[in-house]
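**Student:** Read in order, the letters of the sequence shown are residues 1 to 286 in UniProt numbering.
Shown below is the structure under consideration.
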Amino acid sequence: MSRVPPLPVRDGLGPARVRLRGGPVAAELRARFGAAAAAKIAAGEVVCAGGGVVDETTVLPAGAVVYLYRDLPDEVPVPFALPVLYRDERIVVVDKPHFLATMPRGRHVAQTALVRLRRELDLPELAPAHRLDRLTAGVLLFTTRRELRGRYQGLFATGAIDKTYLAGSTGTPNTTLPAVVRNRIVKHRGRLQAVEEPGEPNAETRIDALGGGRYRLTPHTGRTHQLRVHMASVGLPIAGDPLYPQVIEVADDDFSTPLQLLAHTLAFEDPITGQRHRFESRRRLW
Numbered sequence: 001m002s003r004v005p006p007l008p009v010r011d012g013l014g015p016a017r018v019r020l021r022g023g024p025v026a027a028e029l030r031a032r033f034g035a036a037a038a039a040k041i042a043a044g045e046v047v048c049a050g051g052g053v054v055d056e057t058t059v060l061p062a063g064a065v066v067y068l069y070r071d072l073p074d075e076v077p078v079p080f081a082l083p084v085l086y087r088d089e090r091i092v093v094v095d096k097p098h099f100l101a102t103m104p105r106g107r108h109v110a111q112t113a114l115v116r117l118r119r120e121l122d123l124p125e126l127a128p129a130h131r132l133d134r135l136t137a138g139v140l141l142f143t144t145r146r147e148l149r150g151r152y153q154g155l156f157a158t159g160a161i162d163k164t165y166l167a168g169s170t171g172t173p174n175t176t177l178p179a180v181v182r183n184r185i186v187k188h189r190g191r192l193q194a195v196e197e198p199g200e201p202n203a204e205t206r207i208d209a210l211g212g213g214r215y216r217l218t219p220h221t222g223r224t225h226q227l228r229v230h231m232a233s234v235g236l237p238i239a240g241d242p243l244y245p246q247v248i249e250v251a252d253d254d255f256s257t258p259l260q261l262l263a264h265t266l267a268f269e270d271p272i273t274g275q276r277h278r279f280e281s282r283r284r285l286w
């Protein structure tokens with residue numbers, strides 16, 4: 001069962017959850033987060049898991065958690081629309097643009113599909129049922145209420161979703177296509193690239209050539225950067241990719257070279273109504 005935070009979503013963002021080392025809470029938060037944390041405590045904006053307000057006298061054991069609203073970083077606005085392809089009382093399906101993260105992480109917080117949609121649609125419990133990389137565009141599924149999320153996430157976990165991607169590459173394949181790439185991909189914490197490693201395969205993608213440097217990708221698993229790694233491994237690095245095969249530094253405000261990768265179709269049987277859904281991106285690659 002998912003944990004319900006004691007603070008509501010505010011301006012599209014839920015509160016941050018901080019696990020404590022134990023002892024006087026105010027002193028710990030000041031030591032870890034500085035003057036900003038002290039100001040939030042003074043304003044009564046830090047609460048315990050049970051909803052009680054943290055003050056200078058609050059002491060909690062190691063492993064306890066408190067909640068507070070984070071200060072937003074300065075972000076470069078992503079100047080692309082986020083059209084809704086479908087909406088009912090359970091799900092929202094959008095056509096995500098390149099350069100927009102799915103949900104808050106690191107330096108991308110307000111400029112994310114989740115926060116934008118919560119604000120625009122007035123759906124504070126909206127949550128992604130899966131995730132697309134920030135640089136990948138295309139069909140993205142959200143659930144409208146907290147209690148629904150697990151049912152739709154389960155479709156992705158069990159492989160009950162049919163997904164098709166389109167990709168563009170100027171490379172020359174080093175294998176005969178169509179081909180199925182199957183290997184082990186691991187994304188190590190702190191490293192930008194995912195890597196192929198020996199061991200039991202955990203990633204599988206079918207690659208079909210469509211002509212004109214365009215390819216259809218059908219993933220049977222969902223590892224981080226799977227399609228980008230697999231395309232590079234067969235001599236077809238995806239055009240516009242700043243990570244594979246080599247890392248290229250790109251400024252946050254440089255939207256000139258979108259990754260030529262598109263989550264083109266998403267099809268599944270609704271786990272609640274039994275209705276068959278099929279959604280297709282209206283975006284196009286080169």
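Virtual Cβ for every residue (Gly too), placed ideally from N, Cα, C.
1. If I measure Cβ to Cβ from LYS40 and keep anything under 7 Å in the same chain, skipping five residues before and after, which residues do I get?
2. Within this structure, are the beta carbons of ALA113 and LEU140 separated by less than 8 Å?
3. Anyone know if the C-beta pair for ALA209 and LEU177 falls short of 8 Å?
4. Alpha carbons only, please: which of ARG228, GLY22, VAL65 is nearest the one belonging to PRO15?
5. Return yes when the Cβ of PHE33 is within less than 8 Å of the Cβ of ASP162, no when it is not.
6. Is it buried or exposed for TYR165, if we count other Cβ within 10 angstroms and need 16 for buried?
7. I need the straight-line Cα distance from ARG276 to ASP270, nearest angstrom please.
8. Considering Cα atoms alone, identify which of ALA42, GLN260, TYR152 is closest to PRO128.
9. Between the region 108 to 124 and the region 241 to 249, do three or more beta carbon pairs fall short of 8 Å?
10. So, helix, strand or coil for residue 287, using DSSP?
11. List the endpoints of the continuous beta strand (DSSP E) containing HIS264.
12. Helix or strand or just coil, what does DSSP make of GLY14?
**Tutor:** In terms of the structure at hand:
1. VAL46, LEU68
2. yes
3. yes
4. VAL65
5. no
6. buried
7. Answer to the nearest angstrom: the Cα atoms are 6 Å apart.
8. TYR152
9. no
10. One cannot answer for residue 287 here, as it falls past the ends of the chain, which runs 1 to 286.
11. 261 to 269 is the extent of the beta strand (DSSP E) around HIS264.
12. coil
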